[in-house]
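Numbering (our numbering), first residue to last: 13 to 149. Ideal Cβ positions, reconstructed from N, Cα and C, are used throughout, including at glycine.
Structure below.
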């Protein structure tokens, strides 16, 4: 089988959007050995029925786990799981609302566990949270 090299010249694949049919074709291309779009990831636009390409090197990697992608609005440069853990351990507040919600959920669960155990001391919450976080690793 003859191989052809694709030259994209000045075309920017991240400019514009993709339809669902184009996304299925891109998904089939993932298995190709010489896929010209390996450096790009196809993402769905939230609340819309179209897709777009994003360069993989433009995505930030989590400073905590080094495997997940970072929420762009996170002030700790971490994924949600690592940011929640970091904020609870270091007593910091992230500017990302989703991460703040995760911290509140952890605190609420800790309070419920303490209440179930018959402990009503708020100072025990931080110790319990740090134990739970170290157990989850």
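Simplified DSSP assignment, three categories, for residue i
i          : result
residue 95 : helix
residue 58 : coil
Proximity to residue i [Cα-Cα], best of the options
i           : options         : result
residue 117 : 85, 46, 96, 75  : 96
residue 114 : 93, 131, 126    : 93
residue 100 : 78, 124, 119    : 119
residue 51  : 126, 37, 69     : 69
residue 86  : 105, 78, 44, 77 : 105
residue 35  : 53, 45, 44, 46  : 53
residue 112 : 66, 129, 88     : 88
Rounded straight-line distance, which links the Cα of residue j to that of residue i
i           : j           : result
residue 29  : residue 62  : 7 Å
residue 60  : residue 84  : 20 Å
residue 91  : residue 124 : 25 Å
residue 39  : residue 79  : 22 Å
residue 103 : residue 122 : 15 Å
residue 107 : residue 46  : 41 Å
Beta-carbon proximity of residue i to residue j, cut-off 8 Å
i          : j           : result
residue 64 : residue 57  : yes
residue 66 : residue 81  : no
residue 98 : residue 130 : no
Completely contained beta strand (DSSP E) runs for the region 104 to 128, where each covers 3 or more residues: Qualifying beta strand (DSSP E) stretches: none in this window.
For the region 27 to 90, which segments carrying the alpha helix (DSSP H) assignment without a break, of at least 4 residues, lie completely within its bounds, in sequence order? Correct list: 32 to 41.
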